[in-house]
Structure formats: C-alpha cells, structure tokens
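Below you'll find the structure, written out as structure tokens, and then a few comments.
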Amino acid sequence: TVRAASSYADELVKTAKTVASPGRGILAMDESYATCGKRLASIAYRTLLVIAPGLGQYISGAILFEETLYQSTVDGRKIVDVLVEQNIVPGIKVDKGLVPLAGSNDESWWQDLDGLASRAAAYYQQGARFAKWRTLVSIPNGPSALAVKEAAWGLARYAAISQGSGLSQLTFEVAQKVWAEVFFYLAENNVMFEGILLKPSMVTPGAECKDRATPQQVEDYTLRLLQRRIPPAVPGIMFLSGEQSEVEATLNLNAMNQAPNPWHVSFSYARALQNTCLKTWRGQPENVKAAQDALLVRAKANSLAQLGKYTG
Ligand code: 13P
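Mind the numbering: the sequence shown is residues 47 to 358 in UniProt numbering, read in order.
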C-alpha cells in the first residue's frame, strides 16, 4: 500500500487552492538582507509591504525569509498575523544556498535536506503553510546528467519532507530537461500533486541575448514546455519574474492567461512587484505611502494579468 502523502493532506490541498485563487498570486519577499538592506531597514520595509491596504485582494501568499517568520512589524504585531488578517497565506523559503556538486562539471546544487523535517515542523508551528524550495541547473557548463538527477531528486525529497510536515511547496527555476525527472521522482516519493505549486521561470531569451521576445513568443514556448511536462493535477503555476522588467512580467503573464491552459497560471514575483516600490521608498518614512501605492499598482496589474485582462 502507498502511505497517504501526509496526515495534512486535506489542508495541503486547501492551501494550494487558496494560493492559486483567481486574480491573485504570490508576493515573494524572501530576499536575504544582502539584497534588501540592514536588519532594521528590512523590518521597516517588510512592514510597509505587509500592511499595504487591501493587498490581499491581489496577493494570496507571501514567501518570507526565515527570520521574518519570527519578526514583528515596527508597531509590534507579528508579521505572520498581519498577513493572515490580510487574507494572505504565509510561506517560507527553506533552501539555504548553493554548494559545489562533487563529481560534476564544476556545477552546484542546493543541499539542505539535513534537518529539514524538524525545521519544517517548526515553521508550521510558527504559522507557515507552504514552503519554497529553489534549485537550478546551469547552462554554460551543464547541465550534466548528474546535476539534473541531483536537482530533480533533491526537489522530490524536499517535497515529500515538507508535505509530511504540513507545508505545501513551490519549486524554482528548473528547465525542460529537468521537469521529466522531477515529476518521475515526485511520483516515486509519493508526493501529492494536488498539494504542490510549481514556480518555474518563463522561457525567455538568455540574459545576454539582444533580441527581446514578444509576450506571444514567451507564452508560446513556455506553455508548450509546461504542457508537455506538468500534469494538470498540479493546481498552480506561479512564475518567478527573473530578469524581466515589471511591465514585461505583467504582459507575459497576461499572454499566458489569454491562451488556453489547464492550470491556474499566476505570479510569484519578487523584483517585478517590488522594484519601483523599493526605489520609491529609499528608507524614508515620508515615502511609505507612495511606496505602498507603487506596490499596489503592480499587484493589481498582475492580478488583472492572472485573469488575462491586463490592458496596460
Ligand atoms: P524574482 O521574481 O525577482 O525572480 O524572485 C524570485 C524568487 O524566487 C523570490 O522568491
């Protein structure tokens, strides 16, 4: 007999469905301090984000950096509680960083499975209801068969461990070749597909390519790739924004939702939701309102794009 994926099965499915609800997507706010500034500034900034009025209308989930899960806003409310009040599901980034993959072609992998079960249980206790795991395969010197296998197997083990602790999960930045192996190993690890969300990158020209792709080209390649590899039982595809500009990320998502597809196709953007917001804020209290407005403009635009109704 196959063991039930988790005693949390019903809750996992419900969480995945809630995060993948119409007209909403994920605010990725799990940058490390190196990206977003010093500790106090980062608390002020993250407070600004989570208390933005009406954010929950466009945002269904928020991915937190580990410390943020335990932190309070500048006025002393738990960040997790504020999110729940906003009708936003708190999530947690669980991967910790790249290490060299021995025996490969100078490639790297994410290797943080040790202790993940107990960490996941603590995160759940603290209010997190889903987890993000990120991995990557690199193109210039790979991906070697070994790197693909490690990435795919690592994702699958992570998913099984997280579901065992009641956390739904997101995967990150894995390319076409890898998806086949990922789903093979997910099945081997008895991961419940209805309780996962996928966080892929869109298929866009490489960072050094001079020609920009149209939203239709991005939509065409990306949906073709996903349709070949991702079972419709997976409730949500939540794209990261990567190197796209704010407007590009919205236009590309909109194109994806104007074409037929079997999933809830939405966003899990960090940069494409926050770039203008962060630039507007510049650490100054008097800019908080304007920065929140900038965040809400992007959140609303992407909400419309999730519905295929963004007109610019
Ligand atoms: P970007 O949308 O900036 O690529 O961030 C992705 C991410 O995974 C953060 O959680």
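Backbone N, C-alpha and C define an ideal beta-carbon position, used for all residues, glycine too.
Nothing here was measured: the structure is a model prediction, and the numbers come from that model.
Exercise. Would you call the stretch 57 to 77 and the stretch 235 to 253 in contact, with 3 or more CB pairs under 8 angstroms?
Worked result: With a cut-off of 8 angstroms, the stretch 235 to 253 and the stretch 57 to 77 count as touching, because enough Cβ pairs lie within range.
Exercise. Mind checking whether the beta-carbon of R180 lies closer than 7 angstroms to any heavy atom of the ligand 13P?
Worked result: If you check the C-beta of R180 against the ligand 13P, you find a heavy atom less than 7 angstroms away.
Exercise. Can you tell which of H310, K325 and T322 has the C-alpha that lies nearest to the C-alpha of T64?
Worked result: With distances taken between Cα atoms, T64 lies closest to H310.
Exercise. Between the stretch 223 to 235 and the stretch 259 to 267, do at least 3 Cβ pairs fall closer than 8 angstroms?
Worked result: Output reads no: the stretch 259 to 267 does not touch the stretch 223 to 235.
Exercise. Quick one: does I109 have its CB under 8 angstroms from some CB of chain B?
Worked result: You won't find chain B in this structure, because it holds only one protein chain.
Exercise. Going by beta carbon distance, what residues of the same chain come within less than 7 angstroms of K195, once the five residues before and after it are set aside?
Worked result: Cβ within range, chain order: E227.
Problem set entry | Residues bridged to V145 (per DSSP) | The partner list for V145 (beta bridge, DSSP) reads W155.
Exercise. Is it true that the stretch 296 to 307 meets the stretch 346 to 358, where meeting means three or more beta-carbon pairs spaced less than 8 angstroms apart?
Worked result: Three or more Cβ pairs drawn from the stretch 296 to 307 and the stretch 346 to 358 lie within less than 8 angstroms of each other, which places the two stretches in contact.
Problem set entry | Buried versus exposed, by CB contacts within 10 Å (16 or more), L213 | A residue is called buried when at least 16 other Cβ atoms come within 10 angstroms of its Cβ; L213 meets this threshold and is buried.
Exercise. Going straight from the alpha carbon of A318 to that of S190, what length do you get?
Worked result: Cα to Cα, A318 sits roughly 31 angstroms from S190.
Exercise. Ends of the alpha helix (DSSP H) at P308?
Worked result: Run containing P308: none; DSSP gives neither H nor E here.
Exercise. To which residues does DSSP link V135 through a beta bridge?
Worked result: G107.
Exercise. Can I109 be considered in contact with the ligand 13P, in the sense that its beta carbon sits closer than 7 angstroms to one or more heavy atoms?
Worked result: It does: the Cβ of I109 is within 7 angstroms (strictly closer) of some heavy atom of the ligand 13P.
Exercise. Which ranges would you report for the beta strand (DSSP E) in the stretch 156 to 220 if only whole runs of at least 3 residues count?
Worked result: If we require 3 residues or more, the beta strand (DSSP E) runs fully inside the stretch 156 to 220 come out as 176 to 178 and 214 to 218.
Problem set entry | Identified DSSP bridge partners for residue 7 | What is shown of the chain runs 47 to 358, which leaves residue 7 out entirely.
Problem set entry | Residues that G282 bridges to, as DSSP identifies them | L243 and H310, per the DSSP bridge assignment.
For this session: Hey, could you find the ends of the alpha helix (DSSP H) E265 is sitting in?
Result: Taken as a continuous stretch (DSSP letters only), the alpha helix (DSSP H) holding E265 covers P261 to R275.
Problem set entry | beta-carbon A74 near the ligand 13P non-hydrogen atom, thresh 7 angstroms | For A74, the CB falls within less than 7 angstroms of some heavy atom of the ligand 13P.
For this session: Compute every distance between the C-beta of Y286 and the non-hydrogen atoms of the ligand 13P, then say whether any falls below 7 angstroms.
Result: A small correction: the amino acid at residue 286 is Leu; Tyr does not occupy that position in the sequence shown. Checking every heavy atom of the ligand 13P against the Cβ of L286, one is found closer than 7 angstroms.
Exercise. When every heavy atom of the ligand 13P is checked, does at least one fall within less than 7 angstroms of the C-beta of residue 432?
Worked result: Since the first and last residues shown for the chain are 47 and 358, residue 432 lies out of range.
Problem set entry | Coarse secondary structure for S349, derived from DSSP in three states | In the structure shown, S349 sits in a helix (DSSP, three-state: H, G or I).
Problem set entry | Residues of its chain near F218, where Cβ-Cβ distance is below 6 angstroms and the 5 sequence neighbours each way are ignored | Any reading at F218 must be qualified, since the residue scores a pLDDT of 42, below 50, and its modelled position is unreliable; the value itself is stated next. Result list for F218: R180 and K245, in chain order.
Problem set entry | As assigned by DSSP and simplified to three states, the class of S78 | In the structure shown, the three-state DSSP call for S78 is coil.
Exercise. Closer than 7 angstroms: is that where the CB of A174 sits relative to any heavy atom of the ligand 13P?
Worked result: No.
For this session: Starting from K63, trace the alpha helix (DSSP H) both ways and give me its first and last residue.
Result: From DSSP, the alpha helix (DSSP H) with K63 extends over A55 to V65.
Exercise. Looking at the structure shown, is K355 part of a helix, part of a strand, or coil, going by DSSP?
Worked result: In this structure, K355 counts as coil in the three-state DSSP scheme.
Exercise. So what does DSSP say about S118, is it helix, strand or coil?
Worked result: Of the three classes helix, strand and coil, the one that applies to S118 here is strand, per DSSP.
For this session: Return the residue from the list D160, A167, F313 and Q304 that minimises the CA-CA distance to M75.
Result: Distance from the Cα of M75 is smallest, within the candidate group D160, A167, F313 and Q304, for F313.
Problem set entry | Contacts around L350, its chain only, beta-carbon distance under 7 angstroms, and the 5 residues preceding and following it disregarded | Around L350: Y356.
Exercise. With a CB to CB cut of under 6 angstroms and the five nearest residues on each side skipped, what residues in its chain are close to L341?
Worked result: Excluding residues within five positions, the ones whose Cβ falls inside 6 angstroms are A98 and C323.
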